[in-house]
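Student:
Residue numbers (the numbering used here): 7 to 218.
1. For the beta strand (DSSP E) that residue 108 lies in, which residues bound it at each end?
2. Taking residue 42 as the reference, give the member of 183, 22, 138 with the closest Cα.
3. Between residue 75 and residue 57, is the Cβ-Cβ spacing less than 8 Å?
4. Can you name, in chain order, every residue of its own chain whose Cβ lies under 7 Å from the Cβ of residue 143, other than the five neighbours on each side?
5. Pick out whichever of 96, 64, 128, 150 has its Cα sitting closest to the Cα of residue 120.
6. Specify the secondary structure class of residue 59 as computed by DSSP and reduced to three states.
7. Quick one: what does DSSP say residue 206 is sitting in, helix, strand or coil?
8. Below 8 Å on the Cβ atoms is my guess for residue 25 versus residue 170; work out the distance and round it to an integer in Å.
9. Ignore the nearest five residues each way along the sequence and tell me which others in residue 184's own chain have a CB closer than 6 Å to its CB.
10. Tell me whether residue 197 sits in a helix, a strand or coil according to DSSP, three-state version.
11. Tell me the residue span of the beta strand (DSSP E) that contains residue 121.
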């Protein structure tokens with residue numbers, strides 16, 4: 007897993023526990039996912055390029071400095087659940103652009119079916135693309151979203167897939183087709199069940215964010 011970053015932090019572990027618990031109510035679930043998203047965003051943005059600048063301090067001293075041009079960052083949440091990370095990332099990259107990728111899953115075949123693509127037409131402008139989805143399970147949705155991104159002209163080496171929960175099956179499928187994509191995740195869980203859900207996981211992230 008050379009191209010996978012696994013977060014290790016006490017607060018990350020605590021928020022994962024909150025997300026896993028079946029009795030966590032919707033308000034606390036949303037809060038825990040948002041707070042976990044801050045840690046994922048900190049790691050995912052750690053290699054963004056900086057530009058040189060000069061600032062004058064309150065003491066009237068001019069010093070060399072560096073700034074982040076967050077306008078050259080694209081957030082690509084996979085609907086629905088990927089929306090749960092958007093606000094976390096915007097705290098760090100407030101000028102980032104947002105392009106939604108809608109993908110539904112056929113519960114019988116587990117096939118990923120795209121229904122929305124709002125990617126901009128100037129892929130060369132962006133320094134980094136953060137594809138956001140709390141769950142990397144079968145990898146079908148992630149691969150389909152990556153196909154949409156790369157067919158739109160976005161280079162795989164600029165794409166970072168950010169998730170909270172992953173399994174080896176999903177990681178393997180992503181890297182078989184897109185080896186240059188980097189993955190940042192908070193945990194790698196045991197396996198998938200017969201319905202394609204992560205075990206132990208947290209259930210359906212989209213449902214727990216928006217429906218129940």
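Beta carbons are placed, not taken as given, at the ideal position from N, Cα and C, and that holds for glycine. The structure presented is a predicted model; accordingly, all values stated were derived computationally and were not measured.
Tutor: Well, looking at it:
1. Within the chain shown, the letter at position 102 stands for residue 108. Per DSSP, residue 108 belongs to the beta strand (DSSP E) from 107-111.
2. Translated into the one-based positions of the chain shown, residue 42 becomes position 36. Taking each of 183, 22, 138 in turn and checking the Cα distance to residue 42, the smallest one comes out for 22.
3. Stepping through the chain shown from its first residue, residue 75 is reached at position 69. Stepping through the chain shown from its first residue, residue 57 is reached at position 51. Yes. Within cutoff.
4. Translated into the one-based positions of the chain shown, residue 143 becomes position 137. Excluding sequence neighbours, residue 143 sits near 173, 176, 198, 202, 203, 204.
5. Residue numbering aside, residue 120 sits at position 114 when the chain shown is read from its first letter. Answer by Cα proximity: 150.
6. Counting from one through the chain shown, the residue named residue 59 turns up at place 53. In this structure, residue 59 counts as strand in the three-state DSSP scheme.
7. For the purposes of this step, residue 206 is taken as the residue at position 200 of the chain shown. Three-state DSSP puts residue 206 in coil, outside helix and strand.
8. Residue 25 sits at position 19 when you count from the first residue of the chain shown. Residue 170 sits at position 164 when you count from the first residue of the chain shown. About 7 Å; that satisfies the 8 Å criterion.
9. As a working mapping, residue 184 is identified with position 178 in the chain shown. Contacts found: 152, 162.
10. Taking the first residue of the chain shown as 1, we reach residue 197 at position 191. Here residue 197 sits in strand by DSSP.
11. Numbered from its first residue, the chain shown carries residue 121 at position 115. Counting along the chain, the beta strand (DSSP E) containing residue 121 begins and ends at 118-123.
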